[in-house]
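In my numbering, the protein residues as written are 2 to 595.
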């Protein structure tokens with residue numbers, strides 16, 4: 002069986018999409034939820050497990066498991082094929098492009114390097130000091146395995162030699178950022194030596210780079226992989242591959258600075274946590290997080306040393322509609338890793354006891370200041386008013402405006418006049434959120450036509466008699482006419498539906514035509530409209546509703562015919578064509594009686 006068909010056969014599309022958004026039952030084999038591709042408050046995103054499709058009636062996006070993953074993860078088709086194949090244990094042997102093959106080779110070389118470093122840490126005599134260091138950090142063996150922590154031996158070319166024996170070329174080792182050219186002579190040396198190695202995985206769990214940490218005073222303390230075709234620091238969040246399901250379950254994500262803060266958090270049972278690697282969050286990273294939650298919790302120490310770096314990320318997060326909160330560490334504790342080593346339960350309380358970011362900023366900026374002193378008041382307002390202007394929601398902004406006004410003993414109207422809501426300019430166009438397509442609103446009659454068309458497509462054997470009453474003249478919508486004619490040309494009653502349903506055959510026909518994407522969406526829409534309309538009805542009620550929809554179409558058809566005859570009659574009268582006038586009057590009378 003073709004891998005694509007095998008994946009579609011084995012994939013539960015509701016389970017797949019449910020990893021990203023919350024779905025609620027909406028019928029026998031249907032679910033609905035808030036669309037991840039445009040902002041909405043009422044769910045218009047529908048999933049059918051029977052037909053293994055999804056469609057949003059709000060923005061018009063839709064498709065199957067592949068199109069969903071391609072849009073959500075920014076993948077091309079073959080990357081989605083490999084990704085879904087990996088989830089289901091289906092091997093995908095071929096890659097359709099040089100670029101796709103190159104990326105897979107880079108992923109493979111990183112996976113091998115990670116296993117090499119991990120094996121050295123666990124078993125090698127060269128890693129005794131590293132193992133002692135890991136133990137001193139309170140990292141248990143199960144977390145060493147879970148995060149595949151490793152050790153780069155103090156050897157000039159241990160990894161390079163290992164990779165060369167496994168048929169990787171010098172060019173590939175250099176491109177992966179794992180080797181460096183020797184300053185003298187030929188050949189390569191290892192980029193990472195005598196360091197604790199932390200593999201960096203993308204959101205799918207593929208190792209794409211490394212952070213190497215010294216265990217003493219060597220500089221630099223941290224060494225990261227260089228940018229490569231598969232590793233972009235501004236797009237990756239450490240620990241997201243392990244945190245995705247927990248973020249969705251908890252409804253929020255905790256942002257920490259260091260990779261070992263993530264490891265320590267898992268030790269304490271906080272698994273909805275990712276690391277920003279000490280830099281401000283980028284729009285790409287925040288867009289990635291928006292697939293799983295709209296609530297972000299930043300971790301800060303009492304001195305707020307990381308606040309300055311986080312301010313830009315906070316502003317972007319607000320512009321993207323995130324609820325931004327703060328988890329405040331106890332006095333004298335610099336990061337979650339240190340707190341877990343002192344008192345793991347305390348970190349759980351801190352992470353779960355976050356406060357709105359504005360509350361944290363107000364308390365932090367006013368601490369130690371005299372609010373009767375004009376200089377202190379001016380300094381506090383200079384810090385807080387820009388943060389206030391970033392808040393997009395007018396209700397939230399007005400709430401904190403009043404709090405700050407009371408703090409400064411200033412009338413809120415004075416402060417209100419001094420702030421303007423700001424829009425953060427996009428940093429990148431790499432986003433899964435789309436503007437809703439401009440869709441023509443169908444009349445109730447053309448919608449009725451689509452429902453009847455979808456009803457036949459969903460179960461042609463049961464509804465064959467009703468189908469024979471339908472014809473393309475009953476709709477004024479041209480795409481619906483085109484879809485109707487494809488349905489007519491594809492339907493073959495001799496084909497065994499047990500092998501492939503009529504709906505699946507129709508989708509296969511449309512998928513083979515590159516210009517039929519809109520018709521593919523229309524087919525899905527038609528099928529889901531019919532499912533929603535008839536799903537909970539008894540057979541007798543279904544027939545009553547079908548008859549009512551046909552009557553609606555016939556009424557419009559008759560009205561349109563009478564209007565056309567009346568126009569022709571006026572033309573014949575104006576031309577003095579008495580014979581045509583008589584004929585048109587007879588037809589008009591017959592039309593009125595029918």
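Every residue, glycine too, gets a C-beta built ideally from N, C-alpha and C.
Remember, predicted model here, so these are calculated numbers, not experimental data.
Measuring straight from C-alpha to C-alpha, what distance separates residue i and residue j?
i, j, result
"residue 491", "residue 445", "27 Å"
"residue 168", "residue 109", "12 Å"
"residue 410", "residue 399", "16 Å"
"residue 224", "residue 247", "29 Å"
"residue 391", "residue 312", "11 Å"
"residue 322", "residue 483", "40 Å"
"residue 501", "residue 466", "22 Å"
"residue 74", "residue 568", "55 Å"
"residue 131", "residue 152", "7 Å"
"residue 186", "residue 174", "17 Å"
"residue 22", "residue 36", "8 Å"
"residue 194", "residue 179", "11 Å"
"residue 562", "residue 554", "12 Å"
"residue 111", "residue 144", "20 Å"
"residue 1", "residue 302", "What the structure shows of the chain is the stretch from 2 to 595, and residue 1 is not part of that stretch, so it cannot be assessed."
"residue 314", "residue 489", "54 Å"
"residue 583", "residue 560", "20 Å"
"residue 586", "residue 497", "50 Å"
"residue 471", "residue 455", "12 Å"
"residue 495", "residue 503", "11 Å"
"residue 389", "residue 403", "11 Å"
Relative to the C-alpha of residue i, which candidate in the options has its C-alpha closest?
i, options, result
"residue 276", "377, 267, 258, 64", "258"
"residue 119", "102, 109, 154, 495", "154"
"residue 107", "67, 228, 127, 497", "228"
"residue 533", "253, 130, 32", "32"
"residue 136", "111, 93, 197, 92", "197"
"residue 192", "203, 171, 547", "171"
"residue 349", "269, 307, 292, 60", "269"
"residue 234", "52, 211, 219", "211"
"residue 59", "46, 52, 50, 69", "46"
"residue 310", "280, 331, 334", "280"
"residue 406", "544, 395, 372", "372"
Are residue i and residue j close, meaning C-beta to C-beta below 8 Å?
i, j, result
"residue 530", "residue 487", "no"
"residue 199", "residue 102", "no"
"residue 325", "residue 363", "no"
"residue 1", "residue 278", "Lying before the first or after the last residue shown, residue 1 is absent from the chain, which here runs from 2 to 595."
"residue 82", "residue 5", "yes"
"residue 205", "residue 244", "no"
"residue 340", "residue 286", "no"
"residue 57", "residue 14", "no"
"residue 54", "residue 61", "no"
"residue 7", "residue 91", "yes"
"residue 450", "residue 419", "no"
"residue 29", "residue 536", "yes"
"residue 139", "residue 342", "yes"
"residue 528", "residue 458", "yes"
"residue 104", "residue 26", "no"
Am I right that residue i and residue j are in contact with their C-beta atoms under 8 Å? What's the rounded C-beta distance?
i, j, result
"residue 573", "residue 581", "4 Å"
"residue 351", "residue 327", "About 10 Å separates the two Cβ atoms, so there is no contact after all."
"residue 416", "residue 386", "7 Å"
"residue 12", "residue 85", "6 Å"
"residue 566", "residue 589", "5 Å"
"residue 474", "residue 558", "7 Å"
Go to residue i, then tell me how far its beta strand (DSSP E) extends in each direction, as first and last residue.
i, result
"residue 79", "From DSSP, residue 79 is part of no beta strand (DSSP E) but of the alpha helix (DSSP H) over 78 to 89."
"residue 200", "196 to 202"
"residue 558", "Counting along the chain, residue 558 falls outside any beta strand (DSSP E), though it belongs to the alpha helix (DSSP H) covering 540 to 576."
"residue 225", "223 to 225"
"residue 157", "Here residue 157 belongs to no beta strand (DSSP E), and DSSP marks it neither H nor E."
"residue 36", "Premise fails: residue 36 is in no beta strand (DSSP E) and is neither H nor E."
Identify the continuous alpha helix (DSSP H) that holds residue i and give its terminal residues.
i, result
"residue 449", "445 to 459"
"residue 8", "4 to 11"
"residue 312", "308 to 320"
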